[in-house]
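*Asks:*
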């Protein structure tokens, strides 16, 4: 039986969930969901055990190392060019009038 009380207790304790190949085929999506949640899933096929686990990859953004690119305060950059500051303020005022 696939969901015996012992197997259910094992799943709750995050120990390995074991399926035969037939049970795995019948419950494919449930087994995949378990594996994605990080629960160990084992499939026994012709006497050999196979483990199903997600490949843990992170995004490029998650692997990016923070770097200090600006060595000064960003406001100091804007304040250093009064002409740029005036153009930006004029543009903002124009945009706000439309609202």
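Numbering (this note's numbering), first residue to last: 13 to 111.
Don't be surprised by glycine CBs; every beta carbon is placed ideally from N, CA and C.
Bear in mind the structure is a predicted one, so any value in this text is a computation, not a measurement.
Assuming residue 55 and residue 33 are in contact, meaning their beta carbons sit under 8 Å apart, how far apart are those beta carbons, in whole angstroms?
*Replies:* The residue you call residue 55 lines up with position 43 of the chain shown. The residue you call residue 33 lines up with position 21 of the chain shown. Rounded, the Cβ-Cβ distance is 6 Å, consistent with contact.
*Asks:* DSSP beta-bridge partners for residue 60?
*Replies:* The residue you call residue 60 lines up with position 48 of the chain shown. BP columns for residue 60 point to 57.
*Asks:* Between the Cα of residue 60 and the Cα atoms of 79, 84, 40, 31, which residue gives the shortest distance?
*Replies:* One-based indexing of the chain shown puts residue 60 at position 48. Comparing Cα-Cα distances from residue 60 to each of 79, 84, 40, 31, the minimum goes to 31.
*Asks:* Could you compute how far the alpha carbon of residue 47 sits from the alpha carbon of residue 40?
*Replies:* Residue numbering aside, residue 47 sits at position 35 when the chain shown is read from its first letter. Residue numbering aside, residue 40 sits at position 28 when the chain shown is read from its first letter. Straight-line Cα distance between these residues: approximately 11 Å.
*Asks:* Given residue 57, which residues of its chain have a CB within under 6 Å of its CB, disregarding the five upstream and five downstream residues?
*Replies:* The count along the chain shown starts at 1 and reaches residue 57 at position 45. Result list for residue 57: 33, in chain order.
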